[in-house]
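Take a look at the structure set out below.
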Amino acid sequence: MAAIELDGLERRFGERVALAGVSVRVEAGQTLAVLGGNGAGKTTLLRVLAGLLRPHGGTARVLEADLPHERWKLPGHVGYLGHDPLLYRDLSGRENLRYHARLHRVPEQRVATVLSQVGMERRADDPVRELSRGMVQRVAAARAVLHDPPLLLLDEPGANLDPAAAELLEPLIGRPSGRTRVLVSHDVRGALAEADVVLRLRRGRPVGADEELYR
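Below you can see the structure in the form of structure tokens.
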């Protein structure tokens, strides 16, 4: 079953074309690597897939929800880890996760579980503003998987992480998680090693011999 199906996807910001002619199919459990330089449209694509931005042309189907009309089906089924950690800085990591647990109707014991999995149990009650960037990224990763979503949208998930922390998160957000993943990364070699499907973008348009390159 396809988790993601895009056909001729388009997105504009005023007169500027952010995405055009993007077509790709990702089966459940596969990893899509989205590659391209700054301004290629990678983050815009993630936001469309998350239902945060409306497509202006083509078709987009994510987890059997047709976008934008059925984007209401996506919350609770998608985990997003991007440049913004989506955490309240004056709250602790534990308080942030408790808040998101209530939003997704997740049992509170799950909060302690994911904090332990990302190695943040000792600093879980410190305000986010007092944490290092790497620690914030770990709490953000815990938030992204708290509700056990089948789809993860990952925008530079290794940012601010040292090798030990990156290895710690691998079972949660890496290939071993078994989730469908869309991975944006400047680490081309690492992304290609993880990918089942590769989409290369330049100025919002697919480039390369094919729009999709299969490993």
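Residue numbers (the numbering used here): 505 to 719.
Built from N, CA and C at the ideal position, the CB exists for glycine as well.
Hey, residue i and residue j: beta-carbon distance below 7 Å or not?
{"i": "Ala522", "j": "Gly545", "result": "yes"}
{"i": "Arg706", "j": "Leu539", "result": "no"}
{"i": "Leu687", "j": "Ala554", "result": "no"}
{"i": "His608", "j": "Gly580", "result": "yes"}
{"i": "Ala524", "j": "Arg679", "result": "no"}
{"i": "Ala585", "j": "Ala669", "result": "Residue identity differs from the one stated: residue 585 is Leu in this sequence, not Ala. The answer is no: Cβ separation not under 7 Å."}
{"i": "Arg606", "j": "Asp629", "result": "no"}
{"i": "Leu621", "j": "Leu676", "result": "Per the sequence shown, the amino acid found at residue 621 is Gln instead of Leu. Their beta carbons are under 7 Å apart, which means Gln621 touches Leu676 by this criterion."}
{"i": "Val649", "j": "Val530", "result": "no"}
To the nearest angstrom, how far is the alpha carbon of residue i from that of residue j?
{"i": "Ala667", "j": "Arg520", "result": "Looking at the sequence provided, one finds Pro at residue 667 rather than Ala. Pro667 and Arg520: Cα-Cα distance of roughly 38 Å."}
{"i": "Ala713", "j": "Arg602", "result": "Below a pLDDT of 50, predicted positions are generally treated as unreliable, and Ala713, at 43, falls in that range; no measurement from the model is reported."}
{"i": "Gly558", "j": "Thr684", "result": "Residue identity check: residue 558 is Arg in the sequence provided, not Gly. Each residue's Cα considered, the two are about 21 Å apart."}
{"i": "Ser596", "j": "Ser527", "result": "41 Å"}
{"i": "Arg633", "j": "Asp594", "result": "6 Å"}
{"i": "Met624", "j": "Gly518", "result": "42 Å"}
{"i": "Trp576", "j": "Leu513", "result": "19 Å"}
{"i": "Val711", "j": "Val692", "result": "15 Å"}
{"i": "Glu610", "j": "Leu578", "result": "It should be pointed out that residue 610 corresponds to Val in this sequence rather than to Glu. Roughly 16 Å between the two C-alpha positions."}
{"i": "Ser636", "j": "Arg642", "result": "10 Å"}
{"i": "Thr617", "j": "Leu673", "result": "13 Å"}
{"i": "Ala663", "j": "Gly638", "result": "8 Å"}
Taking all protein chains shown into account, do 16 or more other C-beta atoms lie within 10 angstroms of the C-beta of residue i, making it buried, or fewer, making it exposed?
{"i": "Ala699", "result": "buried"}
{"i": "Arg515", "result": "buried"}
{"i": "Leu655", "result": "buried"}
{"i": "His651", "result": "buried"}
{"i": "Asn600", "result": "buried"}
{"i": "Gly543", "result": "exposed"}
{"i": "Met505", "result": "exposed"}
{"i": "Arg626", "result": "exposed"}
{"i": "Pro589", "result": "buried"}
{"i": "Ser689", "result": "buried"}
{"i": "Gly541", "result": "exposed"}
{"i": "Asp483", "result": "Here the chain covers residues 505 to 719 and nothing more, so residue 483 does not appear."}
From which residue to which residue does the alpha helix (DSSP H) around residue i run?
{"i": "Gly671", "result": "Reading off the sequence shown, one finds Glu at residue 671, where the question assumed Gly. 667 to 677 is the span of the alpha helix (DSSP H), which, as asked, contains Glu671."}
{"i": "Leu553", "result": "546 to 553"}
{"i": "Val692", "result": "692 to 698"}
{"i": "Arg685", "result": "Element bounds for Arg685: not the alpha helix (DSSP H) but the beta strand (DSSP E), 684 to 688."}
Could you check which residue in the options has the C-alpha nearest to that of residue i?
{"i": "Leu619", "options": "Arg647, Val566, Glu531", "result": "Arg647"}
{"i": "Glu509", "options": "Val692, Gly541, Leu549", "result": "Leu549"}
{"i": "Ala697", "options": "Gln534, Arg609, Glu568, Val528", "result": "Gln534"}
{"i": "Glu568", "options": "Gly694, Val582, Gly561, Leu556", "result": "Val582"}
{"i": "Leu591", "options": "Gly694, Ala663, Val640", "result": "Val640"}
{"i": "Thr547", "options": "Leu571, Asp570, His587, Ala532", "result": "His587"}
{"i": "Asp570", "options": "Gln613, Ala507, Pro661, Ala695", "result": "Ala507"}
Let's see if you can read the secondary structure: which residues bound the beta strand (DSSP E) around residue i?
{"i": "Val640", "result": "First-last for Val640: 637 to 649, but that is the alpha helix (DSSP H), not the beta strand (DSSP E)."}
{"i": "Ala532", "result": "Careful: Ala532 lies outside any beta strand (DSSP E) and carries neither H nor E."}
{"i": "Arg516", "result": "506 to 517"}
{"i": "Gly561", "result": "561 to 566"}
{"i": "Leu585", "result": "582 to 585"}
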